[in-house]
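Residues 52 to 111 in this note's numbering are what the sequence shown lists, from first letter to last.
Note that CB positions come from ideal geometry on N, CA and C, so glycine has one too.
Everything below concerns the one structure shown next.
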Amino acid sequence: MKGLRTMKRIKINDDVFWNDPNDNISSGYYKVIKIINDDVSLISNKVGETEVFNFELITC
52 MKGLRTMKRI
62 KINDDVFWND
72 PNDNISSGYY
82 KVIKIINDDV
92 SLISNKVGET
102 EVFNFELITC
């Protein structure tokens, strides 16, 4: 599971930027749709994309 670093508390419906460390294809802004413990689910803000990503939250 890839990590999403945060320096502030995030909450559902926040827009966050994720920089894909592997190929940069998935980099962009995402909306937080679910937070359970340290697992965060994001959905792309790009029009027409519905793929949901799950990340482990890493607090800075």
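Checking the sheet assignment: what are the DSSP bridge partners for residue i?
{"i": "Lys82", "result": "Asp66 and Ile94"}
{"i": "Ile76", "result": "Ile76 is not bridged to any residue."}
{"i": "Ile87", "result": "Asp90"}
Drop a sphere of 10 angstroms on the beta-carbon of residue i, count the other beta-carbons inside from all chains shown, and report buried for 16 or more, exposed for fewer.
{"i": "Asn70", "result": "exposed"}
{"i": "Tyr80", "result": "exposed"}
{"i": "Met52", "result": "With a pLDDT of 42 at Met52, under the threshold of 50, the modelled position of this residue cannot be trusted; read the value that follows with caution. Looking at its Cβ environment, which holds fewer than 16 other Cβ atoms inside 10 Å, Met52 is exposed."}
{"i": "Cys111", "result": "Low local confidence applies: a pLDDT of 40 at Cys111 is under 50, so the model's placement there is unreliable, and no value is given."}
Among the options, which one has its Cα closest to the Cα of residue i?
{"i": "Ser95", "options": "Lys62, Arg60 and Val83", "result": "Val83"}
In angstroms, rounded to a whole number, what distance separates the CA positions of residue i and residue j?
{"i": "Ser78", "j": "Ile61", "result": "18 Å"}
{"i": "Ile63", "j": "Asp74", "result": "26 Å"}
{"i": "Pro72", "j": "Lys97", "result": "19 Å"}
{"i": "Asp90", "j": "Val67", "result": "15 Å"}
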